[in-house]
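>
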Amino acid sequence: MTFLALDRIADIALEEGAAPSAVVCGALRGPDGWIFGQGAAGTRAPAARAIFDLASVTKPFVATAAARLGRAGTLDLDAPLASFLPELATTPSANIPLIVLLAHRGGLEAHLPLFAPLASGAPVERDPALRAAASARRSDAAGALPASGFAPLYSDLGYALAGAAIERAAGRPLDEVIDDQVARPLGLEVRSVRLWHRTAADFAERVHPTETVAWRGGVVAGVVHDENAWALAGHGLAGHAGLFGSAEGVAKFGTAVLDALAGRDGGWLDVRELTPLVTPRPLGSLRAGFDGKSGPGSAAGERASADTFGHLGFTGTSLWCDPTAERVGVLLSNRVCPSRDNVRIRAVRPRIHDALHAWEGGLSLFDQP
């Protein structure tokens, strides 16, 4: 259901020039269950049908899928990377446990341009690219792995490796793993481009464009924005990016996580399986698949409790889950359209999430006199 107040919240992004299109979804826990509301501004389709490139909001989906596979005995989160990918046994990351990679504590650099050959018209070979990622050890992360991992540094490389490991353990493409373990059990409209084309004939009309990139042929639309994800997985899914979805789909994922933490798991995940992913870890706010509220100035806003966790996405997306208030807030936008140089989203995100946190199921702070 769309409320005028929520359309007004979405419009903040457009008024501030942060993005050409935005959809918001708020969810709050009522006495009879979750109440959802959506709003849109500048979209090509109604709020409920608009699809955005989720970018790094992919990571919580990957981490929870890994937890589900752990429950089934298909995957051991404490097993080292090389046990899944023996071809990486001679790299510095061979002995890093999967859960440590998911927590951004594997000692890896934040980024490498694995996609670089594509920019000059050459192909990217996946195995050498993964080897390069596994070899990108930081100079401050030498020696044996500490008990809590190396000092945290947000790393897409670690998630690219984790995604490849999950794929190998499951024996299926990663996008199918996420679909099996997360999207279909929860009834979410969240999937890779490959699976969107398989399931929705109107995907091209519903999806919003991202950046204009000359070497990729102009406007990137209906194709993953993240260059490394495109290089590693094409229309499929890499561990760090590649999911596309609706705001309500992402919000329902957030409510499922909060339900699991509250013991209302419904069989999807229970609190024991989810706790390693959302528990705060030493030295920073990064958890395993999620980030925590980092304090004053957090993208989660001022209203969210200190227990709030979620994730941001480079394309202008964000998910925040507040277990204390039992609220979920989602912002999906294409702030990188037409250029990633537009960073106004940084100031807009906290305002939008504060407004979503104040929404009361049809009323919001914009309805107050």
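Using this note's numbering, the first residue of the sequence shown is number 33, and each one after it goes up by one.
Think of the CB as a built atom: it goes at the ideal place given N, C-alpha and C, for glycine as much as any other residue.
Suppose you measure from the CA of S371 to the CA of L60; what does that come to, to the nearest Å?
Going by the C-alpha atoms only, they are around 34 Å apart.
> Pick out whichever of A51, D188, R381, R367 has its Cα sitting closest to the Cα of N260.
Nearest of A51, D188, R381, R367 to N260, Cα basis: D188.
> Here's the rule: buried if 16 or more other CB atoms are within 10 angstroms of the residue's CB, otherwise exposed. What is L309?
Buried, by the Cβ-count rule.
> Tell me, please, whether the region 59-76 touches the region 170-179 by the rule of three or more beta-carbon pairs shorter than 8 Å.
No, the region 59-76 is not in contact with the region 170-179.
> Alpha carbon to alpha carbon, what distance is there between W391 and Q400?
The pLDDT assigned to Q400 is 38, lower than 50, so where the model puts this residue is not dependable, and the model offers no usable value.
> Go ahead and label S180 buried or exposed: buried means 16 or more other beta carbons lie within 10 angstroms of its beta carbon, across all protein chains shown.
Classification of S180: exposed, given that the 10 Å Cβ count is below 16.
> Can you tell me whether P355 is helix, strand or coil according to DSSP?
Note: P355 maps to coil in three-state DSSP.
> Using 10 angstroms around the beta-carbon of A79, count the other beta-carbons present and answer buried if the total reaches 16, otherwise exposed.
Buried, by the Cβ-count rule.
> Name the DSSP bridge partner or partners of A72?
A72 is bridged to V55.
> Which residue's Cα is closest to the Cα of A243: S317, I210, N366?
Contrary to the premise, residue 243 reads as Glu rather than Ala in this sequence. Considering only alpha carbons, the answer is N366.
> Give the straight-line distance between the Cα atoms of A236 and G254, rounded to the nearest whole angstrom.
Whole-angstrom Cα-Cα distance: 6 Å.
> Can L109 be considered in contact with the ligand ADP, in the sense that its beta carbon sits closer than 6 Å to one or more heavy atoms?
Ligands displayed in this structure: none; no statement on the ligand ADP is therefore possible.
> Find the nearest neighbour of Y191 within the set P355, D354, G138, judged by alpha-carbon distance.
Here the closest residue by C-alpha is G138.
> Mind listing, in chain order, the continuous alpha helix (DSSP H) runs of no fewer than 4 residues lying wholly within the region 152-202?
Here the runs fully enclosed are 158-166, 188-202.
> Buried or exposed: where does L315 fall if 16 or more other Cβ atoms within 10 Å of its Cβ makes it buried?
Under this definition L315 is an exposed residue.
> Residues bridged to H343 by DSSP?
BP columns for H343 point to L351.
> Can you grab the Cα-Cα spacing for the pair K284 / L109, in whole Å?
Going by the C-alpha atoms only, they are around 25 Å apart.
> Enumerate in chain order the residues of its own chain whose CB-to-CB distance from R163 is below 8 Å, with the five nearest sequence positions on each side excluded.
Cβ neighbours of R163 beyond the five flanking positions: E119, L120, T123.
> May I ask you to verify whether the region 128-138 touches the region 328-343, counting CB pairs closer than 8 Å and requiring at least 3?
With the cut-off at 8 Å, the region 128-138 and the region 328-343 do not touch.
> Please identify the residue among P382, P217, R378, G345 whose C-alpha is closest to the C-alpha of K91.
Taking only the C-alpha atoms, the option nearest K91 is G345.
> Given a cut-off of 7 Å on the beta-carbon distance, is the pair R313 and A135 in contact?
Yes; because the gap between Cβ atoms is below 7 Å, this pair is in contact.
> Determine the DSSP secondary structure at G102, reduced to helix, strand or coil.
DSSP places G102 in helix when its eight states are reduced to three.
> Taking the beta carbon of D207 as the centre, do at least 16 other beta carbons fall within 10 Å, making it buried, or is it exposed?
With 16 or more other Cβ atoms within 10 Å, it is buried.
> What are the boundary residues of the alpha helix (DSSP H) that includes D291?
First-last of the alpha helix (DSSP H) with D291: 279-293.
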